[in-house]
Amino acid sequence: MLLVHGMRTALFLLVVIQCVAAYRSYKNYKLLRVDVDPVDTLWLEQLAARYHDNVDIWTEPGKVSHHADILVSPRFFNRFVRILDSMAVKHRRVLINDIQKEIDRQMTDDIQFSRRKRSAAVEDDGRQSDLEQFQVDKYHSYGELVDYMYELARKHADIVGIINVTKSFEKRDLLGLKIGKRTPWKPTIFIDAGIHAREWIAPATAIYVAHKLITEYGKNDLITRMVDKFDWFIVPVANPDGYEYSISSDRLWRKTRSKNDTLSKWCVGADANRNWGYRWGEAGANASPCSNIYAGSMPFSEPEVAGIRDFITWQVPDLKLYISLHSYGQIWLAPWGYTNMKPSNHEDQKAAALRALDAITNSSGVHYEYGTIADLMYQASGTSIDYMQDRGVPYIYGVELRPEEDDQIYGFTIPARFIKPTGEEMLASFLALAEYIIEHKKL
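Here it is, written out as structure tokens:
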């Protein structure tokens, strides 16, 4: 396994070093911040769907921040400015003049950081075990993550097992970890990440949290108690096809990789977080296969989404907490997304979330905003959050991780050095939620 892991790591680094030029190039693509009325964004969504090769909405305007971050190609930039003028959108500024430089910087910085750390570890210890060689504060290919999960399960078989959720569209095994003492019928926590391919900080954070729960078990009293009390299901990459495509071909790819033969053979994939069956295809979704928020041809058309649904239905008893990790913006989101109405247990969910946000502040000093999807951001239907709420899971959250929207430098290309602090603050928040659930559900 060590040889396989080393070969995978070397291959991944070789691909990054030699094949950056083979990526879809974003040379001279500009990232703009545009003030937009959050109740009048249909024109912007239609524009992004029609000119999907030239316009990419990174963040949409919400109730807190009335601006959108929009990536525009150089060939469309002047026309886009004219469109803004015609819509009387006067407040806009360029955040990044050439996003390709940011992509190159992320690749180069992360590889150099990885090599420096590996060299230092070898000098200190002389040799490394399989688990020590894997760096949890680095971005990894899906194959590397899978290898590491198997190593964790092998080395910590008393509390760790591999879960095989389903097959992706391209027939990859969608794998995750089950962490907990093997006792019958425990309450469960389910965490997924990476449903949007380009949000690399999310899978990295998920595997960091899993690593800490496993390796600190028996050493850290709080972690030990929560692993004994709950079964933790963690799926670090819920969209493995899209994630691998973002590594090999297009750093900013968002969707799955399913084929849309009946509607558009040129536009691939769906937004897997608009593909869940509850209120599918309503507000905040798009029927165009070329849109980045295309809801799919039908509810649960994406095998990854249908597989997670079925796995939770049949393999995850007594689900108390569901969390889906995304980026970016530092926002902690609760149901509902499809409407501005609040669920009947909103106040309880809010109290638990505020406990989690206090834990984040105490851990890192970083601030996250809290609110429902519809209130804090925009209406969005067909999300996993709303599906889990309708299913009756008591505590459900979507978390937009670092960086803040005000951080104009990174966005999706956040450097690997932020993985550890993000992972630490998420671990603190999850443990705080687990404690809250024990107290309020009398577990």
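Here the sequence shown stands for residues -22 to -1, 1 to 421, numbered as in mature numbering (1 follows the signal peptide of the UniProt record, and there is no 0).
Cβ coordinates follow ideal geometry from the N, Cα and C atoms, glycine included.
As the structure is a prediction and not an experimental result, all values here were calculated from the model.
- Taken in chain order, the stretch 257 to 285 contains no complete beta strand (DSSP E) segment of 3 residues or longer.
- The beta-carbon separation of residue 80 and residue 391, rounded to 5 Å, stays under the 8 Å limit for a contact.
- At the C-beta level, residue 235 and residue 347 stay beyond 8 Å of one another.
- At the C-beta level, residue 378 and residue 285 stay beyond 8 Å of one another.
- By the CB criterion at 8 Å, residue 233 and residue 270 fall inside the cutoff.
- Its chain contains 78 as the residues whose beta carbon lies nearer than 8 Å to that of residue 3, once the 5 sequence neighbours on both sides are disregarded; these appear in chain order.
- Contact between the stretch 41 to 50 and the stretch 6 to 17 is present, with at least three C-beta pairs closer than 8 Å.
- In this structure, residue 259 sits near residue 273, with a CB-CB distance shorter than 8 Å.
- In the three-state reduction of the DSSP assignment, residue 148 falls in the coil class.
- As the crow flies, the alpha-carbon of residue 26 is around 30 Å from that of residue 320.
- Residue 192 is positioned such that its CB atom lies no closer than 8 Å to that of residue 230.
- Residues of the same chain with a CB within less than 6 Å of the CB of residue 407, apart from the 5 flanking positions on each side, are 334, 337, 338 in chain order.
- Per DSSP, reduced to three states, the secondary structure at residue 326 is helical.
- In summary, residue 5 is exposed, with fewer than 16 beta-carbon neighbours lying within 10 Å of its beta-carbon over all protein chains present.
- Per DSSP, the beta bridge partners of residue 166 are 209, 297.
- With respect to the C-alpha of residue 31, the residue from 183, 367, 55 having the closest C-alpha is 55.
- Per DSSP, the unbroken alpha helix (DSSP H) holding residue 414 starts and ends at 397 to 418.
- Counted as a single uninterrupted DSSP element, the stretch harbouring residue 37 is not any alpha helix (DSSP H) but the beta strand (DSSP E) occupying residues 33 to 37.
- Under the three-state reduction of DSSP, residue 47 is assigned to strand.
- Here residue 17 is exposed: its Cβ has fewer than 16 other Cβ atoms, across all protein chains shown, within 10 Å.
- Ranked by Cα distance from residue 287, the first of 143, 19, 73, 63 is 143.
- Residue pairing from DSSP leaves residue 158 without any beta-bridge partner.
- Rounded to the nearest whole angstrom, the C-alpha separation of residue 204 and residue 51 is 48 Å.
- Residue nearest to residue 261 within the set 314, 121, 302 is 314 (criterion: CA-CA distance).
- Contact between residue 251 and residue 361 holds: CB atoms are separated by about 5 Å, below the 8 Å threshold.
- Of the other Cβ atoms in all chains shown, fewer than 16 fall within 10 Å of the Cβ of residue 329; this residue is therefore exposed.
- The three-state secondary structure of residue 342, taken from DSSP, is helix.
- Residue 248 and residue 280 have their alpha carbons spaced roughly 7 Å apart.
- In this structure, residue 219 places its C-beta atom within 8 Å of the C-beta atom of residue 146.
- Rounded to whole angstroms, the separation of the alpha carbons of residue 63 and residue 19 is 15 Å.
- Using a 10 angstroms sphere on the CB of residue 127, the tally of other CB atoms reaches 16 or more, which defines it as buried.
- In this structure, the alpha-carbon of residue 207 lies about 33 Å from that of residue 359.
- Under DSSP, residue 310 shares a beta bridge with 348, 377.
- Partner residues in the beta bridge of residue 71, as assigned by DSSP, are 11.
- The beta carbon of residue 264 is closer than 7 Å to those of 23, 27, 271, 272, 273 in its chain, skipping five residues each way along the sequence.
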